[in-house]
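Note that my numbering numbers the sequence shown so that position 82 is 401, with each residue one more than the last. Note that CB positions come from ideal geometry on N, CA and C, so glycine has one too. Please read the structure below before turning to the comments.
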Amino acid sequence: MVRKRVVLTFSGGMDSTTLLYQLLSQGHHVQALGIDYGQRHRKELGAAAGICARVGVSFKSADLSAVTGFLAGSALTSPDVEIPSGEYDPESMKVTVVPNRNMLMLAVALAWAISSECDTVAYAAHAGDHEVYPDCRPEFVRALARTAGLCHYEPIELTAPFLHLTKVDIVRLGNRLDVPFDLTWSCYRGEDLHCGRCGTCRERSGAFARAGVADPTVYRIRPDSAPAGIPGSIGAQ
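Right, here's the structure in full:
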């Protein structure tokens, strides 16, 4: 396998941490990019920094909080929009979509890849994201991959290797890679503990249950281990 120099968009969540560990296991050089876009759950950036320190990967956080006002209307960026609780229902969870978020993140990642002479940008969109998040659809990835090939003198590869995996698949893969899931952060509320009530907490708990892997997460309120009506393929942005 060719050893690549990869910029990974890295939130410190389950998906991007599993992708980090997979890239490292494949022998690639990885540098990780976090993005502060004014999200309520900025706690994820601390988790990302800690995980990178654990494995000796360079981590940088880009401060895009100046654009938060242009990302209004999402429960993640507008304090007057309530974060939905209960089952991870695609219609209710659309309120957590941040306008064009992944385009912004990947644009910064591509710039960093060019300036640091990396040849690849990776992000951890997965199959469960497609129904809720437009910027995680295969069509989006394919279109932006074409753009990445044109944005510099030498083409940059954009890869989303989990695009056809479910959240359950990712938990199983992470378990094989010894991913420290206890250090990852998912909850959109960004409190001291995972709330256990929001869709992302319930999806997280359900994925562990369906994968047959012990969930190391400490929840404020323990969610049902396999909430009714949440298929294993439903995912988070």
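Opposing strand residues paired with residue i [DSSP bridges]
{"i": "Thr485", "result": "For Thr485, which the question treats as bridged, DSSP gives no partner whatsoever."}
{"i": "Ser378", "result": "The residue you asked about is not Ser; residue 378 is Phe in the sequence shown. Ala351, per the DSSP bridge assignment."}
{"i": "Glu513", "result": "Correcting the residue type first, residue 513 is His in the shown sequence and not Glu. Tyr538."}
{"i": "Ala467", "result": "Its beta-bridge partners do not exist; DSSP assigns none."}
{"i": "Thr439", "result": "Val325, Glu476"}
{"i": "Ser404", "result": "Cys517"}
Backbone CA spacing between residue i and residue j [nearest angstrom]
{"i": "Phe329", "j": "Cys514", "result": "22 angstroms"}
{"i": "Leu483", "j": "Val532", "result": "Going by the sequence as given, residue 483 is His instead of Leu. Approximately 20 angstroms between the Cα atoms of the pair."}
{"i": "Ala368", "j": "Lys362", "result": "10 angstroms"}
{"i": "Ser397", "j": "Val321", "result": "43 angstroms"}
{"i": "Val460", "j": "Tyr538", "result": "33 angstroms"}
{"i": "Ala558", "j": "Leu492", "result": "Not covered by the structure: residue 558. The range shown for the chain is 320 to 556."}
{"i": "Ser435", "j": "Thr536", "result": "35 angstroms"}
{"i": "Asp534", "j": "Ala528", "result": "8 angstroms"}
{"i": "Pro403", "j": "Tyr472", "result": "44 angstroms"}
{"i": "Thr485", "j": "Ala444", "result": "10 angstroms"}
{"i": "Arg521", "j": "Val414", "result": "17 angstroms"}
{"i": "Ala446", "j": "Phe500", "result": "20 angstroms"}
{"i": "Thr336", "j": "Thr519", "result": "16 angstroms"}
Proximal residues to residue i (C-beta, below 8 angstroms), its chain only, five neighbours per side dropped
{"i": "Leu423", "result": "Ile354, Tyr356, Leu383, Val386"}
{"i": "Ile540", "result": "Cys514, Gly515, Arg516"}
Sequence-distant residues of the same chain with beta carbon closer than 7 angstroms to residue i, five excluded per side
{"i": "Arg456", "result": "His449"}
{"i": "Thr478", "result": "Thr439, Ala441"}
{"i": "Leu429", "result": "Val440, Ala467, Cys470, Ile475"}
{"i": "Asp454", "result": "Asn419, Arg420, Asn421, Met422"}
{"i": "Asp334", "result": "Ala443, His445, Phe481, Ile489"}
Contact set for residue i: own chain, Cβ-Cβ below 6 angstroms, skip 5 residues either direction
{"i": "Asn494", "result": "Val532"}
{"i": "Ala351", "result": "Leu327, Phe329, Cys371, Val376, Phe378"}
{"i": "Arg324", "result": "His348, Cys437, Asp438"}
{"i": "Val487", "result": "Ala526, Arg529, Ala530, Gly551"}
Nearest-angstrom Cβ-Cβ length linking residue i and residue j, presumed shorter than 8 angstroms
{"i": "His347", "j": "Tyr507", "result": "About 30 angstroms separates the two Cβ atoms, so there is no contact after all."}
{"i": "Trp504", "j": "Gly332", "result": "6 angstroms"}
{"i": "Gln341", "j": "Leu496", "result": "6 angstroms"}
{"i": "Leu339", "j": "Phe481", "result": "Not quite, the Cβ-Cβ distance comes to about 12 angstroms (not below 8 angstroms), so this is no contact."}
Any chain C beta carbon closer than 7 angstroms to residue i
{"i": "Glu406", "result": "In the structure shown, chain C cannot be found, because there is only a single protein chain."}
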